[in-house]
Amino acid sequence: MERKTVYRILLVVVVILAIIFTLGVMGIVPFVWSEYITVFMVILFFALRFTKKPQ
Numbered sequence: 039m040e041r042k043t044v045y046r047i048l049l050v051v052v053v054i055l056a057i058i059f060t061l062g063v064m065g066i067v068p069f070v071w072s073e074y075i076t077v078f079m080v081i082l083f084f085a086l087r088f089t090k091k092p093q
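So the number in our numbering is just where the residue sits in the sequence shown, counting from 1, plus 38.
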């Protein structure tokens with residue numbers, strides 16, 4: 039799959055997770071979900087950061 043397509047899919051996933059995270063902070067969904075989303079976002083950040091090709 040092309041890199042641009044992967045980033046577009048990740049953008050949609052991150053936006054959905056950000057909405058769920060916000061609902062967790064507001065107390066609408068269990069706060070534990072927000073903690074898991076935070077851990078996932080940190081791992082995703084480092085994975086994308088260190089797999090970037092040098093230019």
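C-beta atoms are modelled at their ideal positions from N, C-alpha and C, and glycine is treated no differently.
By the CB criterion at 8 Å, Ser72 and Phe84 fall outside the cutoff. Here Val67 is near Leu61, since their CB atoms are less than 8 Å apart. When the beta-carbon positions are compared, Ile75 and Leu55 come within less than 8 Å of each other. Here the C-alpha atom of Leu86 lies approximately 30 Å from the C-alpha atom of Gly65. Per the coordinates, the alpha-carbon of Glu40 lies some 15 Å from the alpha-carbon of Thr89.
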